[in-house]
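Undergrad: Protein chains in written order, with UniProt numbering: chain A, 1 to 562; chain B, 1 to 562.
Protein chains: 2
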Amino acid sequence: MPKEWETLAKKKREAILEAIPQEWRINNPPNDQQLDVTGAYIHQYLTPREVEITETTADDIVKQTTTGRWSAEEVTRAFCHRAALAHQLTNCLHEIFFSAALTTAKSLDAHYAQHNKPLGPLHGLPISLKDQFHVRDVETTMGYVGWIGTFEGRERTAKSPIFESEMVRELRDAGAVLFCKTAVPHTLMSGETVNNIIGYTWNPRNRNLSAGGSSGGEGALIGLRGSPVGFGTDIGGSIRIPAGFNGLYGIRPSGGRLPYEGMANSMDGQNSVLSVVGPLGTSVAGLRLVIKALLERRPWLYDPLVLELPWRDELEREVSEVTGKVGDAGMVGKLCFGVFESDGIVGPTPPVRRAVKIVVEKLKELGHVVVEWKPPPHKAILSEGMKSWWYDGGHDVKSVFALSGEPMAPQVAFYQDLEKEFSGSEIAATNVRLRQLKKEYMDYWNSTETVTGTGRPVDAIITPLAPFPAARPEMYSYYGYSTWVNVLDYTSVVVPVTNVDKEVDLVDKDYVPIDEGDKKVYDSYDPEIYDGAHVSLQLVGRRLQEEKMLAIAEYVGKAIGK
Amino acid sequence: MPKEWETLAKKKREAILEAIPQEWRINNPPNDQQLDVTGAYIHQYLTPREVEITETTADDIVKQTTTGRWSAEEVTRAFCHRAALAHQLTNCLHEIFFSAALTTAKSLDAHYAQHNKPLGPLHGLPISLKDQFHVRDVETTMGYVGWIGTFEGRERTAKSPIFESEMVRELRDAGAVLFCKTAVPHTLMSGETVNNIIGYTWNPRNRNLSAGGSSGGEGALIGLRGSPVGFGTDIGGSIRIPAGFNGLYGIRPSGGRLPYEGMANSMDGQNSVLSVVGPLGTSVAGLRLVIKALLERRPWLYDPLVLELPWRDELEREVSEVTGKVGDAGMVGKLCFGVFESDGIVGPTPPVRRAVKIVVEKLKELGHVVVEWKPPPHKAILSEGMKSWWYDGGHDVKSVFALSGEPMAPQVAFYQDLEKEFSGSEIAATNVRLRQLKKEYMDYWNSTETVTGTGRPVDAIITPLAPFPAARPEMYSYYGYSTWVNVLDYTSVVVPVTNVDKEVDLVDKDYVPIDEGDKKVYDSYDPEIYDGAHVSLQLVGRRLQEEKMLAIAEYVGKAIGK
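1) From B:E365 to B:I560, what does the alpha carbon distance come to, in whole angstroms?
2) For the beta strand (DSSP E) that contains B:E95, what are its first and last residues?
3) Is B:L188 close to chain A, meaning its C-beta is less than 8 Å from at least one C-beta of that chain?
4) DSSP three-state label for A:L539, please.
5) Does chain E have any CB closer than 8 Å to the CB of B:Q132?
6) Using beta carbons (cut-off 8 Å, strictly below), is B:A470 in contact with chain A?
7) Are the beta-carbon atoms of A:H111 and A:L119 separated by less than 8 Å?
8) Can you confirm whether the segment 494-513 of chain B touches the segment 377-394 of chain B when touching is taken to mean that 3 or more C-beta pairs between the two stretches lie within less than 8 Å?
9) Please name the residue or residues paired with B:H534 in a DSSP beta bridge.
10) Quick one: what does DSSP say B:A466 is sitting in, helix, strand or coil?
11) So, does the CB of A:A428 fall closer than 8 Å to a CB anywhere in chain B?
12) Using 8 Å for Cβ pairs, my map puts B:S404 next to B:V145. What's the rounded Cβ distance?
13) So which residues on chain A does B:L301 lean against when the C-beta distance must stay under 9 Å?
14) Could you check how far apart the C-beta atoms of A:Q538 and A:R240 are, in whole angstroms? I think they sit under 8 Å.
15) Give the residues from the segment 497-516 of chain B that approach chain A closer than 9 Å (Cβ to any Cβ), ordered along the chain.
16) Going along the chain, which residues of its own chain have a beta-carbon closer than 6 Å to the beta-carbon of A:L315, five neighbours each way excluded?
17) May I have the straight-line CA-CA distance separating A:D508 from A:G219, to the nearest angstrom?
18) Could you tell me the boundaries of the alpha helix (DSSP H) in which A:T352 lies?
19) Can you tell me where the alpha helix (DSSP H) with B:L289 in it begins and where it stops?
20) Between which two residues does the alpha helix (DSSP H) carrying B:W168 extend?
21) Does the segment 53-60 of chain B come into contact with the segment 7-23 of chain B, if we say contact requires no fewer than three beta-carbon pairs (one atom in each stretch) closer than 8 Å?
22) List the residues that DSSP assigns as beta-bridge partners of B:E372.
23) If I'm right that A:V177 touches A:V359 with Cβ under 8 Å, what's the distance once you round it to whole angstroms?
24) Taking Cβ positions only, does B:Q270 come closer than 8 Å to chain A?
25) Where do the ends of the beta strand (DSSP E) carrying A:P299 lie?
26) Using the beta-carbon count (16 or more within 10 Å), is A:P161 buried or exposed?
27) Return no unless some Cβ of chain B is closer than 8 Å to the Cβ of A:I275.
28) Does any CB atom of chain B fall closer than 8 Å to the CB of A:M267?
29) With DSSP as the reference, identify every bridge partner of B:W202, one or two as the case may be.
30) Please state whether DSSP places A:L129 in a helix, a strand or coil.
31) With a 10 Å radius around its C-beta and 16 neighbouring C-beta atoms as the bar for buried, classify A:D417 as buried or exposed.
32) Going along chain B, which residues have a C-beta under 8 Å from A:F422?
33) Span of the alpha helix (DSSP H) holding A:D7?
34) Taking only three categories from DSSP, how would you classify A:N246?
35) Just reading off the alpha helix (DSSP H) that A:L85 is part of, what are its end residues?
36) Measuring only the C-alpha atoms, how far is B:Y200 from A:Q436?
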């Protein structure tokens, strides 16, 4: 007889599928029979018009929907259809609310018809949300069986069904259409997405691989163009990893830039290294669009952790005044990039190294300065920062698993071994050390002013976001490339660079692994398995440099033809 | 035989006095023979020119020193003299480094002579610093006997003597002259200033009373015009209390506005309710001057906790465009003030009630809107916020007392009773609750938009900063009026309003105390003892509203003739 949690999980899993209209149901071939389900494969189920709509970037969609050329309803329906397909092919959704979305879309169309102007800058734009957001009349499980039928594990109240996270309110006010919530690993603390409800979320470009995590449902969904832009969260790489693994742009803003208020979370209240919320999507302009739209809502008046920092055009201009446009004769100055290919703890695999080379060579060719980034050792940053995840000795996570009795996925089973909570003194000492490490890094960054020749310190760091293009199941053994950014609270934008080519990205047989940890990652790279996978990098900037980093990422993306 | 700590403390106390040139030594009459040592009393020891210089506000001093009209040396010498007198009359200094200050002043004069322009906006301005700042070649004891001869209780290294706090560097770069460090209560966790080195810091306007704390040395020093402006820190009222008790302006900026980097602290690393650094001085323009000068140094590049928020003229203009100048026909709109006379936990004493009335009536007379402030109960804010002070079970504080074996002053002896540290889970739960309380308060604040009639929510809250004009020794039993501002991380500016008049501020015999705690405060008010004491209020604004709140405080101060 199945256990109670298994029955509950199965019922929920089936309910998600049942929310997909019959006419949108398809057969999902076994992964190994169809590794790549993007492009031509998924097109077979779509009309040319649906393909046109869903392969338009968010910024281009709103050009149509805010001017009445495309109806919100048609756009929404196309994305609902494609999202339904994406879920069947990758297990990327936790919640489907297409009919509510279509109701919203119709009312937006009615608004436009009546006023001849859009409701807001996101009028008619479908936006997907990681399953931490609370949306009216939609459940939030965060992948926990124990949360099914509850409000964050507690009994529902009269208010629970209508409660919405602050950002949801703001997105609606700006005219967005919300239509689905996307899969996460239970606990949120994994770079793979797996839980006992929907199972494993696969990478649509190569179903040998993970879609990433913890915003893995967003990654797979947008990677398959089932959504033009969506919101994830990031405490150790959870926006950037799925963005990178799926060939998307994604930004980890610094803490306090965008509203997290009223969202579910793991280990809520741990405030040494904060989880942040941010968008991932198919274009930098799309990310900028949604961030600007949110900042126009003045979230600092509604979320006590958000800073009063409106969108700063001047930070963008600082970049554009230097670069002009790619290929312009108008380039009047140089940017300076620090290149940080390996952190010396775990080396990147061959395709990631090639991606670094592609970007560095292109930027040099364009006349920019590229210097080696030689920061204070990342080891201390990582070990100190990760302590914040163990402050409560796994108390929060274990108590949620206890609600249902469901088992932990192997990816997060390390929580089993945690026990001892940190004390107030120990947490304070960690905070002091974190501040010192930030200060040292900051001083190093300032010191690069003397080597750039631009009169400024390095503008952005070019660095991997993971040692591999995407993780193989249960093989995500090193998070150092993404996590240091969280510990230092820097701004980082992921840029897609290339795809693995098994003929080019050969195993480097001469590589001498640094240690066992490095060897594990080295051994996990297999050109046959990885062929075709997206390869991405991140561009890291200082704290609260969202405008500048998006501008640089857009420039770099265009430069390398993405 | 005296104990070792007594010998050490005595030696240090004497060394401070010995740093005062012989010709500046005076006899200090017993407190009860000369309650008020300000004004005429201290003038007897000063030349008219010294009085002129030292009774000029910081903003007016730099008009002279940055244009070569007054030499930095003359200005510095005058303040050194008056500071020396102030210390002898109130015990307000921990460190005296007049000769280093005069060397700095001379080099600034030489700079001006050579370049015919000032070094920076603070050229030649003496600035005093609370004894948490590290200054080259100067000790930092923070009032702890155990820190004498050490660097924050640790053995000194070769770098210790030259180490300076980040803000010290920035102040020097802006042209300031540092000349003394001011007294604090050991632990910093008291609204009175007392320690085993310098004893008790008295209120110069009325030596029955405390100068306040924990930046009490700053309060007494500037209250006696021994410094035009100085920097304190505030985690529960420690800038505002001494500013208010000494008839000064003082601002508690929100966290992350000004650089705390490299300063000594108590319970460093507790990051639920952050201690912040900010100025107190004799004019709002003086506070603005030093804050702007610091922000021009871009402290966010040198302190990882500082936000990239340059001075925002537009926030000041929002106020001036509404108010015009006091008495102007140019007043084009109204400000709206929320008045919060009593928090319902402990009621303010009669002179504080009169101060509220003075301000409210004047603002109404000027045509502004004043509404009653009816926020969510402050009790929960206070009890939750103060938990952050007990996170480490007194571990930090007790370990410092253990270094020397010195006893705790009664004002901070509550640390004796602490033992149990908070756990990671408990701290996280506190942080969640604090965020919820902030959100509730924010929602209430937003909701006032419907009652102000100005189209905006309330601009500032008028409220006491303590239930009494100043505390009597060992009678500071309630901190609720200052501490809620820290817990919510709001911006607050203290404004001097009036002085106690024993003929007017009678005991309200009909008052029915709320409870024992309220009765204790009520009973502590005695018109005979309080006669002449400064009475101040605070104007509280939202988070990170420093520009706006200074503008409002300046307007209100002028309106009531301060």
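Glycine is no exception: its CB is placed at the ideal position from the N, C-alpha and C atoms.
As the structure is a prediction and not an experimental result, all values here were calculated from the model.
TA: The short version:
1) Residue mapping note: residue 365 of chain B aligns to position 365 of the second sequence, counting from 1. Residue mapping note: residue 560 of chain B aligns to position 560 of the second sequence, counting from 1. Roughly 11 Å separates the two Cα atoms.
2) In the second sequence, residue 95 of chain B corresponds to position 95, counting from 1. Its beta strand (DSSP E) spans residues 93-96.
3) Working through the second sequence from its first residue, we reach residue 188 of chain B at position 188. Closer than 8 Å: no.
4) Counted from its first residue, the first sequence places residue 539 of chain A at position 539. Correct three-state label for A:L539: strand.
5) No chain E appears in this structure, whose protein chains are A and B.
6) Taking the first residue of the second sequence as position 1, residue 470 of chain B is located at position 470. Closer than 8 Å: no.
7) On the first sequence, residue 111 of chain A is found 111 positions in, with the first residue counted as 1. On the first sequence, residue 119 of chain A is found 119 positions in, with the first residue counted as 1. The answer is yes: Cβ separation under 8 Å.
8) no
9) Indexing the second sequence from 1 puts residue 534 of chain B at position 534. Beta-bridge pairing links B:H534 to B:N499.
10) Taking the first residue of the second sequence as position 1, residue 466 of chain B is located at position 466. B:A466 falls in the coil class under three-state DSSP.
11) What you label residue 428 of chain A is simply residue 428 of the first sequence in a count that begins at 1. Answer yes: the Cβ-Cβ gap between A:A428 and chain B drops below 8 Å somewhere.
12) As a first step, residue 404 of chain B must be located in the second sequence, where it is residue number 404. As a first step, residue 145 of chain B must be located in the second sequence, where it is residue number 145. About 4 Å separates the two Cβ atoms, so the contact holds.
13) For the purposes of this step, residue 301 of chain B is taken as residue 301 along the second sequence, with counting starting at 1. Here the neighbours are M442, W445, N446, P457, R542.
14) Position 538 of the first sequence, counted from the start, is the residue given in the question as residue 538 of chain A. Position 240 of the first sequence, counted from the start, is the residue given in the question as residue 240 of chain A. The Cβ separation is near 6 Å, so the contact holds.
15) none
16) Within the first sequence, numbered from 1, the residue matching residue 315 of chain A stands at position 315. So the list reads E547, K548, once near-sequence residues are dropped.
17) Numbered from its first residue, the first sequence carries residue 508 of chain A at position 508. Numbered from its first residue, the first sequence carries residue 219 of chain A at position 219. Approximately 29 Å between the Cα atoms of the pair.
18) Residue numbering aside, residue 352 of chain A sits at position 352 when the first sequence is read from its first letter. Here residue 352 of chain A is Val; the residue named in the question, Thr, does not match the sequence. Taken as a continuous stretch (DSSP letters only), the alpha helix (DSSP H) holding A:V352 covers 350-365.
19) Position 289 of the second sequence, counting from 1, holds the residue named residue 289 of chain B. 284-296 is the span of the alpha helix (DSSP H), which, as asked, contains B:L289.
20) Against the second sequence, residue 168 of chain B aligns to sequence position 168. It should be pointed out that residue 168 of chain B corresponds to Val in this sequence rather than to Trp. Segment 166-173, the alpha helix (DSSP H) holding B:V168.
21) The segment 53-60 of chain B vs the segment 7-23 of chain B: no contact.
22) Position 372 of the second sequence, counted from the start, is the residue given in the question as residue 372 of chain B. DSSP lists B:V339 as partners of B:E372.
23) The residue given as residue 177 of chain A occupies position 177 in the first sequence. The residue given as residue 359 of chain A occupies position 359 in the first sequence. The Cβ separation is near 35 Å, so there is no contact.
24) Counting from one through the second sequence, the residue named residue 270 of chain B turns up at place 270. Yes, its Cβ sits closer than 8 Å to a Cβ of chain A.
25) Within the first sequence, the letter at position 299 stands for residue 299 of chain A. From DSSP, A:P299 is part of no beta strand (DSSP E); its letter is neither H nor E.
26) Looking up residue 161 of chain A in the first sequence gives position 161. Answer is exposed; the Cβ neighbour count stays below 16.
27) By 1-based counting over the first sequence, the position of residue 275 of chain A is 275. According to the sequence shown, residue 275 of chain A is Ser rather than Ile. Closer than 8 Å: no.
28) Start at 1 with the first residue of the first sequence, and residue 267 of chain A comes out as number 267. By this cut-off, A:M267 is an interface position.
29) Along the second sequence, read from residue 1 onward, the residue named residue 202 of chain B stands at position 202. Looking at the DSSP assignment, B:W202 forms a beta bridge with B:S210.
30) Working through the first sequence from its first residue, we reach residue 129 of chain A at position 129. Residue state, collapsed to three classes: strand.
31) Here residue 417 of chain A refers to the residue found at position 417 of the first sequence. With fewer than 16 other Cβ atoms within 10 Å, it is exposed.
32) Translated into positions along the first sequence, residue 422 of chain A becomes position 422. Going along chain B in sequence order, the residues near A:F422 (Cβ under 8 Å) are S423, G424.
33) The residue given as residue 7 of chain A occupies position 7 in the first sequence. As written in the sequence, residue 7 of chain A is Thr, which differs from the Asp given in the question. Unbroken alpha helix (DSSP H) run through A:T7: 4-18.
34) Here residue 246 of chain A is taken as the residue at index 246 of the first sequence, counted from 1. Under the three-state reduction of DSSP output, A:N246 falls in the coil class, being neither helix nor strand.
35) Numbered from 1 along the first sequence, position 85 holds the residue referred to as residue 85 of chain A. Residues 72-90.
36) The count along the second sequence starts at 1 and reaches residue 200 of chain B at position 200. The count along the first sequence starts at 1 and reaches residue 436 of chain A at position 436. When the Cα atoms are used, B:Y200 and A:Q436 turn out to be separated by approximately 34 Å.
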